[in-house]
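Scroll down for the structure; my scribbles are underneath it.
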Amino acid sequence: MNRILIAVAALVIACPLNAQNLFTLLPSPLTKMANSQACWGDYDQDGDLDVVIAGETATSTAVTKLFRNDAGVFTEAPSTLPGVHYPSLDWADFDLDGDPDLLLTGLDSAGVPITRIIKSKYGNLTVTALQLPGIYGGQAVWGDFDNDNDPDILLAGIGTDGFFTARILRNDNGTAFTDIGAPLTGVQSASVAWVDFNNDGWLDASLNGDSGGGMVTKLYRNDHGTFTEVPFAFAGLGSGQIKWADLDNDGDADMLECGMDINIDGHIYIYRNDGNEQFTMMDAVDNNLISSSTDIGDYDNDGWMDFMVIGVVPGCGGSAVALLNRNMGGLNFFDVSTLIPGVKNGSVMWGDYNNDGWSDLLFTGFDSYNNYSSSIYRNLGGNDGFIVNTVPEAPAGPASVPGSGQVTLSWSKASDGQTPVDGLFYNLRIGTGPDATDILAPLSDLTTGYPRIQSTGNMSHDTAVTINGLAPGVYYWSVQTLDNGYRGSLFSSPETFTITETATPEMTPALQVYPNPVTDRLHLTLPGDGPAVVKIVNLTGQTVIESLVKGREVTLDVSCLPAGMYFLRLTGSRESSAIPVMIHR
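All residue numbers for the sequence shown refer to my numbering, where the first residue is 85 and numbers rise by one.
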């Protein structure tokens, strides 16, 4: 086990040795809440981040409030949002109309678990009538697991029947959601997250929580819409949070999780992604921090992702803490004391509310004296000692390869003044008109590139994607770059592609190819039985690799091929349609 360089102890918490005036409390009218969550999102599309908070107050057990940001000044906005406590909140454009919509779960004022989608249109929020399984004591998040361009739902918690649950709900064109029956472990005190951990272009699912038989942390690989548990022994945690980010800037997502184990000991772990479904646990902070929450962001604009953790230290009489962990590079972290008062039983989230290029902090929860609290702390930029986060460059080299009812889109890696090239993210827009987002919505302003939510984009680190289920017609697309500070570039110049025919069905079950894009070794799961010939051809139709294979699991060495777009196909007794493969270096 490797130990990350962090000095955290009760003495440091009580008497900071490196105290710095990095943040200042912003006067704001935010409703004070605990057992709560707060979330940034530009719901009114005016170019700055607004705030929604849900939880309990000193006088009510179920409240949800919306606060509009007008050039850095927050005002409570009238709304009819359902009040919940033990909540979760997440933004996405579920109906592809260009407006961010809110996914909300928790216990309502009658003590009933609910899950609701609140539709946003021109800054007006309306609760939809969509029927979804209600949960509390858990989380629900958006993510497009089936690559049909509309966001689906991953959720876990206690259901209306009182049993622990975990489900994936498929979005059927924004009109209904269907439980796909994914084999996920049901948990309470749960956290969930989508991640493309193997860079194959398909979102995988992760969760942690109390399964009833102990704390678990699980990762499920997405094989073209079918989920299989990854056989890696993660240490189980609950009552915390699971997050993914590229903490070492090597182009794949690493796991950060906090929470408590079955012995009610608190932990903060980082798992470095080593590829091939292997991880190395980096023992980050072992200080018995429970009732915890975390978020990841680059607060000092050095291009390395940092993280903030809040929670309670039982050994200190229940003191609440807020710990900022600075990434020094190479997965070495250092605890930086910020003099921010501690928070527990709540949430923390990074976001640049005033668009000054430095990420600020949003907190909710109990303080050390069990007072309800909600606050925003402005990042002072190290008293002008930090670099201002500049906007990254837009991606170049766009290319499209249309097929039957599908297209493969690719672009070159971009650059940024702070975030290394392999740490950058991408956000894709596709529509049936020059300014449309009705096929794939990026939730960024198409003119300025301003991201309306704090996210790693709908493409993560991928620089190629295959879009399926397209009707014949002309389509417009463009892509933007996002950096570790969640700043967005301008979108690339609009490109077009034309689909001339509908998709033809596969002759056999789908061939599975991952990771994609790939650097050195390409893994295949073959359909059916019997031998087959694997061919990889370049864009001119020349066969560059040909191999006779047997069995179902195959690994191809593609390290000899130049970077670019190729196509892979099986022939023989196990025919398949051509699959685009992107090789990058």
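Using N, Cα and C, we set each Cβ at its ideal position, and we do this for glycine too. Small disclaimer: the values here were computed from a predicted structure and weren't measured.
Near S496, what residues of its chain come up, given a Cβ to Cβ distance below 8 Å and the 5 sequence neighbours on each side ignored?
P479, A480, G481, T547
Tell me W442's beta-bridge partners as DSSP assigns them.
Partner(s): none; W442 has no beta bridge.
Does the Cβ of F316 have 16 or more other Cβ atoms within 10 Å, making it buried, or fewer, making it exposed?
exposed
Would you mind reading off the limits of the beta strand (DSSP E) that contains N429?
428-435
Using the beta-carbon count (16 or more within 10 Å), is C644 buried or exposed?
exposed
Name the one or two DSSP bridge partners that H351 has.
G343
Just the Cα atoms here: how many angstroms apart are V25 and I352?
Outside the shown range of the chain (85 to 669) lies residue 25, about which nothing can therefore be said.
Among L321, Q564, V505, E585, which has the Cα closest to the Cα of G350?
L321
Count the C-beta pairs between the segment 497-513 and the segment 154-164 that are closer than 8 Å, then say yes if the count reaches three, no if not.
no
Coarse secondary structure for D280, derived from DSSP in three states:
coil
By a C-beta neighbour count over all protein chains shown, 10 Å radius and 16 as the cutoff for buried, is I346 buried or exposed?
exposed
Residue span of the alpha helix (DSSP H) that contains N467, given as start and end:
465-468
Mark T492 as exposed unless 16 or more other C-beta atoms lie within 10 angstroms of its C-beta, in which case mark it buried.
buried
Exposed or buried, which one is R605 when buried takes at least 16 other CB atoms within 10 Å?
exposed
Judging by CA-CA distance, which residue of G541, F447, Y534, D522 is the nearest neighbour of D234?
D522
Which same chain residues end up closer than 6 Å to T312 when comparing Cβ atoms and leaving out the 5 residues on each side of it in sequence?
R305
For I551 versus V597, is the C-beta distance shorter than 9 Å?
no
Using the rule of at least 16 other Cβ atoms within 10 Å of the residue's Cβ for burial, across every protein chain shown, is N600 buried or exposed?
buried
For the segment 174-184 against the segment 251-270, are there 3 or more C-beta pairs whose distance is under 8 Å?
yes
Taking 9 Å as the cut-off, decide whether the C-beta atoms of W328 and F281 are in contact.
yes
Does the segment 394-410 come within contact of the segment 469-476, defined as at least 3 CB pairs closer than 8 Å?
no
Drop a sphere of 10 angstroms on the beta-carbon of R636, count the other beta-carbons inside from all chains shown, and report buried for 16 or more, exposed for fewer.
exposed
Could you check the C-alpha separation between I394 and Q325 for me, to the nearest Å?
11 Å
Measuring straight from C-alpha to C-alpha, what distance separates L530 and N455?
42 Å
Quick one, which of G557, V549, G553, Y510 has its alpha-carbon nearest T540's?
Y510
Is the beta carbon of F447 closer than 9 Å to that of A138?
no
Quick one: Cα of I97 to Cα of D332, how far?
Legend: pLDDT at I97 = 37, less than 50; position of this residue unreliable, value from coordinates given subsequently. The straight-line gap from Cα to Cα measures roughly 27 Å.
If I measure Cβ to Cβ from Y127 and keep anything under 6 Å in the same chain, skipping five residues before and after, which residues do I get?
D134, P184, S204
DSSP bridge partner residues for W561 (one or two, in chain order)
I514, E579
Less than 9 Å between the C-beta atoms of A752 and A240, yes or no?
In the structure as shown, the chain starts at 85 and stops at 669, and residue 752 therefore has no counterpart that could be examined.
Within 9 Å, strictly: CB atoms of G293 and V271:
yes
Selected residue, minimal CA-CA separation from N283, among K302, D330, T269, F318
D330
Unbroken stretches of the beta strand (DSSP E), 3 residues or longer, contained in the segment 446-504
456-463, 483-486, 491-494
Can you give the Cα-Cα distance for R462 and L268, rounded to whole angstroms?
39 Å
Leaving out five residues before and five after M344 in sequence, what residues of the same chain have Cβ atoms less than 6 Å from its Cβ?
S323, G350, I374
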